[in-house]
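In the numbering used here, the protein residues as written are 2 to 346.
Note that the Cβ used here is the ideal one computed from N, Cα and C, for glycine as well.
Quick caveat, the model's predicted, so the values are computed rather than measured.
Shown next, in structure tokens, is the structure this report addresses.
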Amino acid sequence: MNAPVDLRSDTVTRPTAAMRAAMAAAEVGDDQYGEDPTTNALQRRCAELLGQEAAIWLPSGTMANQVALRVLTRPGDEVVAARECHAAWHEAGGSAANAGVQIVEVGSGGVFDVDALDAAIKPSGLPVFPPTTLLQIENTHNRAGGVVVPQAVVERVCVRARERGLKTYLDGARLWNAAVASGRPEAELAAPFDLVGVSFSKGLGAPGGSLLAGPRALIAAADRQRRMLGGAMRQNGIFAAAALHALDRHRERLAEDHHHARLLGEALAGCPGVELDLATVQTNIVVFQLAPGAPDAATLVARARERGVLIVAFGARTVRVVTHLDVATAQVRRAAQVLRELLAA
């Protein structure tokens, strides 16, 4: 029997044999004393890649986002972000519990422009209004189908945010995908922001870890917040070695994942009951709607599992599929065929 084709997320990848070897051979020290040489090397490498002064490793993307919020805002502040952003939808209410902020979701399809930002910023004349202090952009945007936020839009909105006195944060968990899809270097995509977060455990295929990059003063503040949240590690070099290996060997191959997502998108777009705009299939994520009369998302997920294809319900009639390092072209084609048959039944 064929192994299941797991398209639930790009976080399901397992370290390759070469990555495991790099982890086993990693030189380590106590990172809380700044003495883990492999972690230090990763932080220097990513600061350079992202065009920033300094960087700090964190255990997860959620912690990176939460630390960024605690550094750039104060409790009671308001954050403007794209509708259905990760910080509002996928972090268990942490933005309210950890940073004490509320998030105003604007725009559609993972993108918003200057007018939406201006409309979301609260007036400053009365103390009853929460101060709007931070602009956050998620690039690529998960729930919008992995779309790449156009850099011209990013730059316009960040300029306007600064004019209005806001700080800026890039949730770039999948920034590596955005760079490959847009043909722009990560440093260019990160340049408009005060702080930038990236993940190693999604498309890059490492077993864990994220990173914040920015000015030294902000990274020093992030270090304190990381310690407060229990995210400072000891012999962290084993994780850093996996990330370094992935940066060297798995970044360019993200284009293969994007191609596979396009194959899936094209196969699904013509199915009865599927609502999917192929213009949104830009990276490794496909999000589609199920029209009335088609099975609902939970039913499709259950039937696909019975056929050896694992996918995720993103809502009552919304489904997400994600391609990644561990899925080959033949598996993608098999998954597409299974889903087409289920939707045609």
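Cβ-based burial, residue i [other Cβ within 10 Å; buried from 16]
i	result
E164	exposed
Q332	buried
P293	exposed
A33	One point to set straight first is that residue 33 is Gln, not Ala, in the sequence displayed. Burial call: exposed.
E253	exposed
T300	exposed
H260	exposed
E49	exposed
G232	buried
G108	buried
N3	exposed
P60	buried
E92	buried
T1	Nothing can be reported for residue 1, as the shown portion of the chain is limited to 2 through 346.
T330	exposed
R71	buried
R45	exposed
G184	exposed
E156	exposed
P76	exposed
M64	buried
E28	exposed
R306	exposed
V80	buried
S125	exposed
L279	exposed
V160	exposed
L277	buried
Bridge-paired residues (DSSP) for residue i
i	result
Q103	E79
T133	E79
Y170	Q137 and L196
P293	A295
L245	Paired residue(s): none; L245 is not in a bridge.
E276	Q290
R321	V288 and V313
V148	H142
A214	A56 and V197
S109	V112
D7	L311
Neighbourhood of residue i by C-beta, 7 Å cutoff - its chain only, sequence neighbours within 5 removed
i	result
C272	R341, L344 and A345
R263	V282
S202	T12, P208, G209 and G210
L43	W58, A241, A244 and L245
A314	A298, A299, V302 and V320
G101	P76 and G77
K168	L73, T134, L135 and D195
Option nearest residue i by Cα separation, candidates the options
i	options	result
T74	N237, D32, V29 and T133	T133
Q338	G316, G309, K203 and A317	G309
G204	Q53, H246 and A192	H246
G266	L291, V322, A18 and R161	V322
F289	A280, D297 and V275	V275
G173	Q137, V154 and E156	Q137
Q236	A26, P16, V6 and A18	A26
V115	G35, A153, E189 and P131	A153
D78	P131, S125 and D31	P131
A89	A22, L135, G101 and E106	E106
A241	L8, D31 and E307	D31
A19	D249, V102 and H325	D249
A23	I286, G35 and T39	T39
R9	H325, S96 and R335	H325
A268	L127, V287, D258 and I312	V287
F194	D278, L255, A97 and E139	E139
A336	G316, A97 and R304	R304
D37	P151, Q103 and G238	G238
G35	M234, A317, A270 and V6	M234
P5	R318, D327, L255 and L311	L311
K123	V160, L255, E257 and G166	G166
A317	R334, V328, L291 and D327	L291
N99	N66, A180 and A270	N66
Close-in-space but distant-in-sequence residues of the same chain around residue i (CB under 6 Å, 5 per side omitted)
i	result
L212	C47, A56, W58 and V199
G111	A83, H142, A145 and V148
V68	A223, Q226 and R227
A85	Contrary to the premise, residue 85 reads as Glu rather than Ala in this sequence. R144, listed in sequence order.
I220	A55 and I57
L51	E187, A188, A191, V197 and A214
T284	T141, G147, N178, A182 and H259
A295	G274
Q53	A214 and G215
Q103	E79
Nonlocal neighbours in the same chain, by C-beta distance under 8 Å from residue i, ignoring five residues either side
i	result
P16	M24, G206, A207, P208 and A243
Counting beta carbon pairs with one atom in the segment 117-129 and one in the segment 168-185, are three or more of them shorter than 8 Å? The answer is no - the segment 117-129 does not touch the segment 168-185, with fewer than three Cβ pairs under 8 Å.
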